[in-house]
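Asker:
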Amino acid sequence: MTAPLAPRILERAKAQGKTVTCAESCTGGMVAAALTDIAGSSAIFERGFVTYSNTAKQDMLGVLPDTLQAFGAVSEEVAREMANGALHAAKADIAVAVSGIAGPGGSEHKPEGRVCFALATAQGTHTETIEFGALGRAQVRNKAKDHALSLILRAL
24 MTAPLAPRIL ERAKAQGKTV TCAESCTGGM VAAALTDIAG SSAIFERGFV
74 TYSNTAKQDM LGVLPDTLQA FGAVSEEVAR EMANGALHAA KADIAVAVSG
124 IAGPGGSEHK PEGRVCFALA TAQGTHTETI EFGALGRAQV RNKAKDHALS
174 LILRAL
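First residue of the sequence shown: 24, per our numbering; consecutive thereafter.
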């Protein structure tokens, strides 16, 4: 099912001549799927990155090992490097990155439902963390996907 935000992203991005990409960890491609579920999405979306492992984050997006070591994969610092790496690799105008703990599980320091986001454009990169709570894996992933789409829409 197409996310309700995705058609609005397509419409606005096309009108502005902008392209979009995404770097996803805990959402595993759900943001890209929401965008590409819409006919005509190839006008604004050429590629996305599913970087579930730390190695993939480093290899595909240029996330620094030192950043992963110092802050962990679920951090605004890593999300920032993911978004910047995706923006550069895809040569896009807007990149969103998502890294979180969908569950089950988590820890005292990084609880289930914590998701870090970054939105990168030529003007800079914004990061934020949202605590969705222990809603269950599917709910956390869906909420993270919808929030990532809302960040793209706001950037447009």
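Using N, Cα and C, we set each Cβ at its ideal position, and we do this for glycine too.
These numbers were taken from a predicted model, which means no experiment stands behind them.
Counting pairs of beta carbons, one from the region 75-89 and one from the region 43-61, are three or more of them closer than 8 Å?
Answerer: yes
Asker: Checking the sheet assignment: what are the DSSP bridge partners for I153?
Answerer: Residue mapping note: residue 153 aligns to position 130 of the sequence shown, counting from 1. In the DSSP output, where bridge partners are listed per residue, I153 has V138.
Asker: Rounded to the nearest angstrom, what separates P27 and K133 at their Cα positions?
Answerer: Reading the sequence shown from its first residue, position 4 is the one you call residue 27. Reading the sequence shown from its first residue, position 110 is the one you call residue 133. Each residue's alpha carbon lies about 30 Å from the other.
Asker: With contact counted as at least three CB pairs below 8 Å, one residue from each stretch, are the region 79-92 and the region 130-146 in contact?
Answerer: The region 79-92 vs the region 130-146: no contact.
Asker: So, helix, strand or coil for I61, using DSSP?
Answerer: For this step, residue 61 is matched to residue 38 along the sequence shown. Three-state DSSP puts I61 in coil, outside helix and strand.
Asker: Can you look up G108 in the DSSP assignment and give me helix, strand or coil?
Answerer: Reading the sequence shown from its first residue, position 85 is the one you call residue 108. Here G108 sits in helix by DSSP.
Asker: Going by DSSP, name the residue or residues bridged to C45.
Answerer: Locating residue 45 in the sequence shown gives position 22, counting from the first residue. C45 is bridged to V119.
Asker: Expressed to the nearest angstrom, what Euclidean distance is found between the alpha-carbon atoms of L91 and V101?
Answerer: On the sequence shown, residue 91 is found 68 positions in, with the first residue counted as 1. On the sequence shown, residue 101 is found 78 positions in, with the first residue counted as 1. Whole-angstrom Cα-Cα distance: 7 Å.
Asker: Which of the three DSSP states is assigned to A125 in this structure?
Answerer: Translated into positions along the sequence shown, residue 125 becomes position 102. Coil.
Asker: Using only alpha-carbon positions, find the residue among K166, D60, S122, A118 that is nearest to A79.
Answerer: The count along the sequence shown starts at 1 and reaches residue 79 at position 56. The option with the nearest alpha carbon to A79 is S122.
Asker: Could you tell me which residues DSSP pairs with T144 in its beta bridges?
Answerer: Here residue 144 refers to the residue found at position 121 when the sequence shown is read from its first residue. G147, per the DSSP bridge assignment.
Asker: Between the alpha carbons of V54 and L33, how many angstroms are there, rounded?
Answerer: Taking the sequence shown and counting its residues from 1, one reaches residue 54 at position 31. Taking the sequence shown and counting its residues from 1, one reaches residue 33 at position 10. Cα to Cα, V54 sits roughly 13 Å from L33.
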